[in-house]
Each structure stands twice: as structure tokens, then as C-alpha cells.
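Residue numbers (our numbering), protein chains in the order written: chain Y, 996 to 1291; chain U, 491 to 710. What follows is one structure encoded as C-alpha cells, with my remarks underneath.
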């Protein structure tokens, strides 16, 4: 078993060195991976590029192989340019939702994505990072640094809990992605390492207990819309953290509780598609329909 | 594990276990077979059998047999490419048998001079494990270059092979020897830190009791 990592330890070290959490994570990971900071940053920029291409692909509105999802990111984006549209979420959150859904729909349609941390939760991080980058006209270097923060938060969660829906339910996939994206968002907007850690804790707290109950066993329903929801939770957590609000329960302990909850989760709620939404009358009916589909 | 593992793999969706893992399993089968077979029959078990169409597990397995990687944008069109390459393939979803692992595939591959069966599992996050070749139980994750030998189950064979590897500076990361019966045919799968070169394979095949030595490149 891998040794447990501590997000609080990362935060403390970054604070002590007087650096942003992103700059610290980039340097620390480059050291660990025995490569230069430059080459690691380039690898992250390459992943950022894949994320942007996935957004573009999702915005085309292609349906998935099963036909269950696809086209909703395009629909949401188009709605914003209708004359009487009033957005309940506001422009920033709207864009994050559009991008998160676009990437998740691209994934369902066999497009190219970055599993961050998994394919099922691949929309959350690009939804948050790419939308904030655009809304605040941030340089790509800063976006790459934010991805490093997200990566380190994911590493900590993997070492203390799990990133697999089959082990911990959706809280382990979209929940981890939300925590990663929340920390990344704080770093993007100039928050302190302490604030980034608090954001990760608050995001995960809002995702605890979420089960993995994919209809027909596919990464489509409810995954696409949960990616959108997780992106919004990440933004809410970052908003609170940047104002100096703290999580009463420290981040590492929140991640530990995710593990405890995942262990207690019945196997029906861990990706087996035998409980929750997958087991509803409509869910079961859709599984039959998908089974009978003639596919290329 | 590092941050690029968390932010990765870069892959064609929709599922790391059912799509990316399937590409790697197909790649592993290709590597063990030694190229593209003429006929490929794939029996799918567990969740693979239940959901392979919606997850594109079928095109992903074929893409792997074609030698493509997990992020190859052509994966959805793998069937057509395979037919053009002369591969005859079919899928047999086996929903009545409960496998040891939920995502299991058994390949039966045929070519002009070779016929091989092998089993692999997709263990999550795109990670895989090859568990069986021609009835011999093996264990390989596709992360390392491998050496596969078919030999007679006689004393000293393992020592001879490891001494040849040591002479050419190849370090053994992990190894597993398997036989169906005492003194019969045995298989050894050695995961190594360095690739085993052709001249080393030739030297190995000259050793007593060794029938075959083959290098399997990593797929991850």
C-alpha cells in the first residue's frame, strides 16, 4: 500500500516557501519525477490542449453510441444567445457547465479526453479551469500550474481513499474531480495555498456519499450532468475559500471519510449498474433498449 | 503514481476500464501473438459482455490488435481498418459464466503458422493484466518489456535464462513460471527493465530445453 499523502503538508510547505500552491506542486512533482519543471509544464500544457479540443468536439453535439446522451452542451450554449434568456447561474457558472458537459459528451461519443482523474469525471476540471481562463483572460502558464494543483490533490485522494467508482462510488470520481478543480480554481485566481486546500475540502464535503449508478452500465446517464454539477460545486467551494471561509473538517480528514463511506457502500452503488438510477423502471427499460441496438 | 497519472491517460472515451483498458488488452494480445493475426475470436465475460457495445470495448480491442494506442482518434473506425488489413474477427459475449474478474476477455488468435489463446483483465483506470496464455497462468501488466519462453520443465532452465539475461545487462523486475504438469511443457514470463534484443532471444533459443523465446514489448 502506498504511503498516505497529506494535502495539509503540501499546503504548509508551499506557505513556508512563500509560493503559490501551483508553483510549489510543479517544482515538487518535477523533482519527484526526475524531470525539469519546464518539461512537466509542457506535458500539462499538452493535456490542456486535449481538454480544449474535447470541449470543441463536445460542442458539435454528436450523440453517443447508445444514443442516450449528446447535444446538451450545444443546446445550453445556444440558449444563452436567445433574446429573452435569463441565466439563473450567471455567465461564469454557465460557461463552466457548458464546458463540463461538452467534455463529458465528447467522452461518451468516443472522443479524445484526459481522464482527470477518470473518464467518467473528465468534464469537471476542464469545465472549471478552461472557463475561468477565458472569463478572466488568464495565461496558459497559469492554467498549467492550476492543473498541477489539481494533480496533487488527486494524488492525495488516491493515497488516502480511491479514485475508482467501482471502489468508492461517484464521490471517488466526480467528487475527487470537484476537489481537484476547486483547488485549481483558487490557484488560478491568486488565492493562497491555504485557501486552495480549504476549497478542496469544501468541494469534497459536498460530494460525499454520492453513488455510482450508471444507467445501462454506460458512462452517460447520469454522468454527463453530474460532471456539470460537480463543476458548479467546485466553483462554490472556491468562491467560499477565496473569501477566507474555512472547512471545519480539515481536507485530509474529509478524504479519509470519503474512503470510509465508500467502503460502507453496497456494491449496487459502485458502478455495477444494479442500484439507484440504473435500477429505476426507466433505467431498466433503457438498458433493454440499448442491448437491442444494432451498432456499427 | 504522479500527477500525469492522475491527469491521464489521454484516451478515447468513454471508459478507462472498458475502452482504454480494452485497447491495451488488444495490444497485449498482438504483442504475444507477434503481430496482426488473420482470425481473432474474442469471448467477453462479466461487465465486458454486458456493456461492450455502449463502451466501444469491441472497437477498442480491435484497435489494440491493430497496434493503436489509447488516444488514437481512429479507434471508433477500427472495424473498417481491421477488415482492410485482412483481419477476420468476431465477438462472443458470454453472459452465463461468472468470471473471476468482472472485465475479462479471452482471445483466440490464428495466423498462418501460429494459434494462441490468451486471457486478460481490465482492472480499472486503464490498467490491465494478462493472466493466461495457452492454459498457462501468467501475470503481466504491459508496463514492462517481457520475455516469454516455452520450455521443458527441467531443473536449471530458470537459472540458464537468468544468466543469459544478466550477461546482457537485462534486469528482471518480476517473473513467473507455470506448467500444466510436472516435467511437461512450461512457460516463463519475465518482466524486465530493459528490452530483450533479438540476438539475446537467439541465444536463449540455443539453450537446452528451450523451445521458444519471444520478446513482448510494453503496451503502456
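Glycine is no exception: its CB is placed at the ideal position from the N, C-alpha and C atoms. Since we're looking at a predicted model, the values are computed, not measured.
C-beta neighbour in chain U for residue 996(Y), strict 7 Å: Because residue 996(Y) carries a pLDDT of 48, less than 50, the predicted location of this residue cannot be relied on, and no value is offered for it.
Contacts of residue 1024(Y) in chain U (Cβ-Cβ under 8 Å): The contacting residues are 492, 493.
Nearest-angstrom Cα separation, counted from residue 529(U) out to residue 509(U): C-alpha of residue 509(U) to C-alpha of residue 529(U): approximately 21 Å in a straight line.
Interface flag, residue 1240(Y) vs chain U, CB-CB below 7 Å: No, its Cβ sits nowhere closer than 7 Å to a Cβ of chain U.
4-residue-minimum alpha helix (DSSP H) runs that sit fully inside the segment 1133-1199 of chain Y, ordered along the chain: 1135-1155, 1160-1163, 1165-1183, all fully within the segment 1133-1199 of chain Y.
7 Å Cβ cutoff, residue 1256(Y) in contact with chain U: Answer no: the Cβ-Cβ gap between residue 1256(Y) and chain U never drops below 7 Å.
Through-space distance from residue 1073(Y) to residue 1066(Y), alpha-carbon basis: Rounded to whole angstroms, residue 1066(Y) to residue 1073(Y) spans 11 Å at the Cα level.
Selected residue, minimal CA-CA separation from residue 1218(Y), among 1059(Y), 1236(Y), 1032(Y), 1038(Y): Residue 1059(Y) is the option with its Cα nearest to residue 1218(Y).
Beta carbon proximity, residue 541(U) to chain Y, threshold 7 Å: So yes, residue 541(U) belongs to the interface.
Residue-level contact to chain U via CB, residue 1113(Y), 7 Å cutoff: Yes, residue 1113(Y) lies at the interface with chain U (some Cβ there is under 7 Å from its Cβ).
Residue 544(U) vs residue 1114(Y) beta-carbon contact at 7 Å: Result no, Cβ atoms of residue 544(U) and residue 1114(Y) do not sit closer than 7 Å.
Whole-number beta carbon distance between residue 1246(Y) and residue 1186(Y), since they are thought to touch under 8 Å: So it is not a contact: roughly 14 Å between Cβ atoms.
Whole-angstrom distance between residue 1203(Y) and residue 1165(Y), CA atom to CA atom: The straight-line gap from Cα to Cα measures roughly 9 Å.
Near-chain Y residues of the segment 584-609 of chain U (beta-carbon distance less than 7 Å), N- to C-terminal order: Taking 7 Å as the Cβ-Cβ cut-off against chain Y, none of the residues of the segment 584-609 of chain U qualify.
Residue closest to residue 1215(Y), alpha-carbon to alpha-carbon, out of 1268(Y), 1005(Y), 1200(Y), 1230(Y): Cα-wise, what sits closest to residue 1215(Y) is 1268(Y).
Neighbour-count burial assignment, residue 672(U), 16 or more Cβ in a 10 Å radius: The residue in question, residue 672(U), is exposed, as its Cβ has fewer than 16 Cβ neighbours within 10 Å.
Residue 515(U) and residue 578(U) closer than 7 Å at C-beta: Contact flag unset, no.
Below-7 Å beta-carbon distance, residue 532(U) vs any chain Y residue: No, because no Cβ of chain Y sits closer than 7 Å to the Cβ of residue 532(U).
Separation of residue 1235(Y) from residue 1253(Y), as counted between CA atoms: One Cα belongs to residue 1253(Y), the other to residue 1235(Y), and the distance between them is close to 21 Å.
Chain U contact for residue 1150(Y) (CB, 7 Å cutoff): Output row for residue 1150(Y): interface = yes.
Backbone CA spacing between residue 996(Y) and residue 1259(Y) [nearest angstrom]: Note that residue 996(Y) has pLDDT 48, beneath the 50 cutoff, so the model's placement of it is unreliable and the number below is only indicative. Approximately 20 Å between the Cα atoms of the pair.
Per DSSP, cross-strand counterpart(s) of residue 583(U): DSSP lists 534(U) as the bridge partner or partners of residue 583(U).
Closest Cα partner of residue 1141(Y) within the set 1127(Y), 1152(Y), 1151(Y), 1153(Y): Ranking 1127(Y), 1152(Y), 1151(Y), 1153(Y) by CA distance to the CA of residue 1141(Y) puts 1127(Y) first.
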